[in-house]
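Asker:
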Amino acid sequence: PTQSVHKARVSFEQLGSSNTMVLHSTITEDEVPPPSAPDLSSLSPPPSLEAAGSSSSDDMSPAEQDDASCNDILSSPSNPPSSTIDAPNNKGGPHRNEEHGDVKAATKLWLDSMLSGYSFIWRLSIVLVLILSWHYAYPTTGDTEQQDEMLEYEEEEYEDEYEYEEEEYDPWSIWGDGFDYTKDREFWIPDEDLPEDIATDLQSTNEELQLEATARRQLDPLKWDTFDYWEIYHYFACTKLLTSPRPVWSEQLFRDTRDFYLDFVENDDTPFIGLFRSTHQANDDAYDMSKNAIPYLSGDEKGRGLKATRDIKEGEVIFKATNNTIIFNDGHTLRKFLFAINEHFSDPGMVCDILIWAWVQDMPCGTPFAGVVDLDNGNLLNDWGLGGSYEEQDYSANIRCKGVNAALSCYASKDIIEGEELLGDYSDFVSYHAWADLGL
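Position 130 of the sequence shown, counted from 1, bears residue number 192 in our numbering, the numbering being contiguous throughout.
(1) Assign Arg-372 to buried or exposed, taking buried as 16 or more other Cβ atoms, counted over all protein chains shown, within 10 Å of its Cβ.
(2) Three-state secondary structure (DSSP) at Arg-366?
(3) In the DSSP assignment, the alpha helix (DSSP H) including Gly-393 goes from what residue to what residue?
(4) State the Cα-Cα distance for the pair Gly-419 and Asn-439, rounded to the nearest angstrom.
(5) Mind reading off the beta-carbon distance from Arg-247 to Gln-280? Whole number of angstroms is fine, and I expect it under 8 Å.
(6) Would you check if the distance between the CB atom of Ala-370 and the CB atom of Ala-355 is smaller than 8 Å?
(7) Does the segment 384 to 394 come close enough to the segment 330 to 348 to have 3 or more Cβ pairs within less than 8 Å?
(8) Alpha carbon to alpha carbon, how far is Gly-78 from Leu-171?
(9) Let me confirm a value: Lys-302 is counted as buried when at least 16 other C-beta atoms fall within 10 Å, else exposed. Which label applies?
(10) Just verifying my parser: in three-state terms, what is the DSSP assignment at Gln-272?
(11) Work out the CA separation of Lys-398 and Val-327 for me, nearest whole Å.
(12) Check whether the Cβ atoms of Asp-445 and Leu-417 lie closer than 8 Å to each other.
(13) Measuring alpha carbon to alpha carbon, tell me which of Ala-459, Ile-251, Lys-364 ends up nearest Cys-472.
(14) If you pair each beta-carbon of the segment 494 to 501 with each one of the segment 401 to 417, do three or more pairs fall below 8 Å?
(15) Would you say Arg-462 and Asp-436 are within 8 Å of each other, going by their C-beta atoms?
(16) Just mark Ile-457 as buried or exposed, buried being the case when its beta carbon has 16 or more other beta carbons within 10 Å.
(17) Considering only their Cβ atoms, is the gap separating Val-492 from Trp-421 smaller than 8 Å?
(18) Compare the beta carbon distance of Gln-423 and Ala-468 with 8 Å and say whether it is the shorter of the two.
(19) Could you pull out every residue in the same chain whose Cβ sits closer than 7 Å to the Cβ of Tyr-297, ignoring the five residues on either side in sequence?
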């Protein structure tokens, strides 16, 4: 006959006050001895039963039922033969004690492995973290004094930076720091050789004209190609020329100047500065700004300006960079253009106009800096702070400009009524104190 194999039977026999669990290895039916009734007369009931009395399995708690099931023989025709000893559990899951014990054991095992495998590095890291935390949380007297000194230094540095930012926002500083009278130019026009206009200005009661005349007598015409921005400015007596209102350029004068620029580019002996053209137009576009703004004479310190020809809604484009916007990637090229303008038109006032219209701009997609000038009425846009103090007036810009490199578009930042002056914010596009970076 087929011998069926039963799993090991686990039985508990109470001997005195201790329990001994006897595990019987797997046996066959032929080897099973005849059952005999055990002699339990000498055994006393367990204390738990004695105290609780007899109870049915229905009255047992789940834990007691689990203990009782451990005393059953796990036999089933569907169980495969096995030569191993199974744990006393007939539910297939972890024992009730294992559910909590495994988590604690796993945590302890992880900590032991970390401390044993990386004991030195692990403990050293913890010590260093504790030391640094204590150091920063409770600095010593010397550290506190050092931190106070650093704080004072940072405050002073911040104040200096803040003062510099306020200073550079002065709209007139767009043209630089002024003429350097301390520079040793090794040139001096003696009194007997002074041109009449310089001699007259030296005797003027206007201090600015006296200073300009002093600068002019130190500028050697043969070294024009080394002049910086302010040396060019004073060489052409721009201070004197701009004391009187300058006229608004006609469309014909702008057109003639643009034509001259094209001839200048064609004959430029240094067409490239590295990989970039020394000068070029912003783009090939054309834009008629006269439908939005026209020039006018303000009659105050600002001189010429722009005013709206119609009611303009917020967000509308008023004017933008076109082929009339000229870019100089090299300071010397702009210097040559200004002297060529004077030689061609015989009008130093044109040079002065271009100088005060030009600005330096950061060029992220080209050379670090470039000189830019609009050869149209767009150059008459005044900054909102010109003609007064920034501290004494409210922010009144009604035009803001934005764009990549010099390809700017200027739009209304608020509703503008017809006849209202158009005021921009030069900080949108001007790099202050940067003429020296351009080579001027």
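All C-beta atoms in this analysis are idealised placements derived from N, C-alpha and C, irrespective of residue type, glycine included.
Answerer: Based on what the coordinates show:
(1) exposed
(2) strand
(3) 393 to 407
(4) Here the sequence assigns Trp to residue 419, which means Gly is not the residue at that position. Approximately 10 Å, taken between the alpha carbons.
(5) 5 Å
(6) yes
(7) yes
(8) Any answer about Gly-78 is weak, because its pLDDT of 44 lies below 50 and its placement is not dependable; what the coordinates show is given next. Approximately 37 Å between the Cα atoms of the pair.
(9) buried
(10) helix
(11) 11 Å
(12) no
(13) Ala-459
(14) no
(15) no
(16) In the sequence under discussion, the amino acid at residue 457 is Tyr, which differs from the Ile named in the question. Exposed is the call here.
(17) yes
(18) yes
(19) Arg-278, Leu-281, Phe-289
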